[in-house]
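Asker:
Residue numbers (my numbering), protein chains in the order written: chain A, 25 to 192; chain B, 580 to 701.
#1: Once DSSP output is grouped into helix, strand and coil, what is the label at residue 630 of chain B?
#2: Go to residue 622 of chain B, then tell me how far its beta strand (DSSP E) extends in each direction, as first and last residue.
#3: For residue 686 of chain B, which residues in chain A fall below 9 angstroms Cβ to Cβ?
#4: With a cut-off of 8 angstroms, does the C-beta of residue 673 of chain B fall near any C-beta of chain A?
#5: Pick out the complete alpha helix (DSSP H) segments inside the segment 102-149 of chain A, 4 residues or longer, and give them in chain order.
#6: Could you pull out every residue in the same chain whose Cβ sits closer than 7 angstroms to the Cβ of residue 99 of chain A, ignoring the five residues on either side in sequence?
#7: So residue 78 of chain A is in the alpha helix (DSSP H); what residue range does that whole segment cover?
#8: Taking 8 angstroms as the CB-CB limit, is residue 599 of chain B close to chain A?
#9: Bridge partners of residue 642 of chain B, per DSSP?
#10: What residues from the segment 617-631 of chain B come within 9 angstroms of chain A, judged by C-beta to C-beta, listed N to C?
#11: Please name the residue, chosen from B:701, B:619, B:599, that lies closest to residue 124 of chain A on a Cα-to-Cα basis.
#12: So, at 8 angstroms on beta carbons, what are the nonlocal neighbours of residue 682 of chain B in its own chain, with the 5 sequence-adjacent residues on each side left out?
#13: Using a Cβ-based criterion (distance less than 7 angstroms to any ligand heavy atom), does residue 143 of chain A qualify as near the ligand COA?
#14: Which whole-angstrom value is the C-beta distance of residue 613 of chain B and residue 619 of chain B, which I expect to be below 8 angstroms?
#15: Run through chain A and tell me which residues come within less than 7 angstroms of residue 700 of chain B, C-beta to C-beta.
#16: Quick one: any contact between the segment 165-175 of chain A and the segment 54-67 of chain A, if contact means 3 or more CB pairs under 8 angstroms?
#17: To the nearest angstrom, how far is the alpha carbon of residue 617 of chain B from that of residue 587 of chain B?
#18: Establish whether the CB of residue 134 of chain A and some CB of chain B are separated by less than 8 angstroms.
#19: Going by Cα to Cα distance, which pick from B:643, B:685, B:675, B:631 is closest to residue 143 of chain A?
#20: One question on the structure: do residue 108 of chain A and residue 180 of chain A come within less than 8 angstroms of each other, judged by their Cβ atoms?
#21: Cβ closer than 9 angstroms: which chain B residues qualify as neighbours of residue 197 of chain A?
#22: Quick check on residue 156 of chain A: does DSSP put it in helix, strand or coil?
#23: For the 8 angstroms Cβ check, are there 3 or more pairs between the segment 103-123 of chain A and the segment 152-172 of chain A?
#24: Please report the distance separating the alpha-carbon of residue 699 of chain B from that of residue 121 of chain A.
#25: Where does residue 595 of chain B sit, in a helix, a strand or coil, going by DSSP?
#26: Quick one: grab the DSSP three-state call for residue 49 of chain A.
#27: For residue 675 of chain B, name the three-state secondary structure that DSSP assigns.
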């Protein structure tokens, strides 16, 4: 990493990486939210009759599955990369402030995103057979789980960032 | 001829299904066990970028140790092995693997993970 930090100062590098991680997570959050709403309350009205909420969930949910898996993996890799920096420069100061619940919530997020990662193959399997009713509940529950985990991870990541702040 | 091809396709489909189902459940369980019983493949010291095999404690020289990467590798190895074994099961047994364990197992583990972090909830 030292060769990289000769080109870009370390604090700027980690800030760029964190922003990129955040942007990928926003894309993931949007895709999962659309897909969850579409699977929970499918809409049958024509586009002209739809209000905001109906058009939000009137997406072709199966089209999102591959992108969601790719976004999850990219976000996971970026998060895993930042995690080492977090352990030294973010976690220790938060420990010194005795903000244990904040740390616990963050550690819990790390566990949840791993459970989400483990679920990706079966999630993709079920969505690639989206016309098969046999996999309907599998599609529903894996999608809902990934959505809840993604929202939790996003919010907790944001809270920890607010506690410590990037590049601080 | 067609039925033989159909049968082969169905078996391939069943194997893909079982691989994914077993992967999800076994990855989640082995990750929890790796965490609870200190079973990372390696420990990583981010302050010095040092890597040691297995579980090793934080030290004054190398700083805090991280196990998350090691737990991931432990559970990935276990999950890939078990998922591959699941694809080798005879059709009679392969059909008995319930689809629902793919999502019920990870969800059931969530409260256990919360409990393992009890140190922080004070």
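Glycine included, every Cβ here is placed at the ideal spot set by N, Cα and C.
Being a predicted model, the structure only gives us computed values, none of them experimental.
Answerer: On the basis of the data shown:
#1: As a working note, residue 630 of chain B is residue 51 in the second chain. Residue 630 of chain B: strand per DSSP, three-state reduction.
#2: Taking the first residue of the second chain as position 1, residue 622 of chain B is located at position 43. Residues 621-624.
#3: As a working mapping, residue 686 of chain B is identified with position 107 in the second chain. Contact note: residue 686 of chain B reaches chain A through 139, 165, 169, using a C-beta cutoff of 9 angstroms and chain order.
#4: To locate residue 673 of chain B, count along the second chain from 1; it is residue 94. By this cut-off, residue 673 of chain B is not an interface position.
#5: 115-120
#6: For the purposes of this step, residue 99 of chain A is taken as the residue at position 75 of the first chain. Excluding sequence neighbours, residue 99 of chain A sits near 45, 48, 49, 52.
#7: Stepping through the first chain from its first residue, residue 78 of chain A is reached at position 54. First-last of the alpha helix (DSSP H) with residue 78 of chain A: 76-81.
#8: The residue given as residue 599 of chain B occupies position 20 in the second chain. Yes, residue 599 of chain B lies at the interface with chain A (some Cβ there is under 8 angstroms from its Cβ).
#9: Along the second chain, read from residue 1 onward, the residue named residue 642 of chain B stands at position 63. Partner(s): B:638.
#10: 623, 625, 626, 628
#11: Residue 124 of chain A sits at position 100 when you count from the first residue of the first chain. Here the closest residue by C-alpha is B:701.
#12: As a position in the second chain, residue 682 of chain B is number 103, starting the count at 1. Taken in chain order, the residues that qualify are 603.
#13: Although the ligand COA was asked about, the structure shown includes no ligands whatsoever.
#14: As a working note, residue 613 of chain B is residue 34 in the second chain. As a working note, residue 619 of chain B is residue 40 in the second chain. Contact flag correct, Cβ pair sits at about 6 angstroms.
#15: Here residue 700 of chain B corresponds to residue number 121 of the second chain, with the count starting at 1. Residues of chain A passing the Cβ test: 125, 128.
#16: yes
#17: The residue labelled residue 617 of chain B in the question sits at position 38 within the second chain. The residue labelled residue 587 of chain B in the question sits at position 8 within the second chain. For residue 617 of chain B and residue 587 of chain B, the distance between alpha carbons rounds to 42 angstroms.
#18: Along the first chain, one-based indexing puts residue 134 of chain A at 110. Interface residue, yes.
#19: Sequence index remark: in the first chain, residue 143 of chain A carries index 119 (1-based). It is B:685.
#20: As a first step, residue 108 of chain A is located in the first chain; it is residue number 84 there, counting from the start. As a first step, residue 180 of chain A is located in the first chain; it is residue number 156 there, counting from the start. No, they are not a contact pair.
#21: Chain A is shown only over 25 to 192; residue 197 of chain A falls outside these bounds and no answer can be derived.
#22: Start at 1 with the first residue of the first chain, and residue 156 of chain A comes out as number 132. Reduced to three states, the DSSP call for residue 156 of chain A is coil.
#23: The segment 103-123 of chain A vs the segment 152-172 of chain A: no contact.
#24: Taking the second chain and counting its residues from 1, the one referred to as residue 699 of chain B is at position 120. Taking the first chain and counting its residues from 1, the one referred to as residue 121 of chain A is at position 97. Roughly 13 angstroms between the two C-alpha positions.
#25: Sequence index remark: in the second chain, residue 595 of chain B carries index 16 (1-based). Residue 595 of chain B falls in the helix class under three-state DSSP.
#26: What you label residue 49 of chain A is simply residue 25 of the first chain in a count that begins at 1. If DSSP states are grouped into helix, strand and coil, residue 49 of chain A belongs with the helices.
#27: As a working note, residue 675 of chain B is residue 96 in the second chain. Coil at residue 675 of chain B, not helix or strand.
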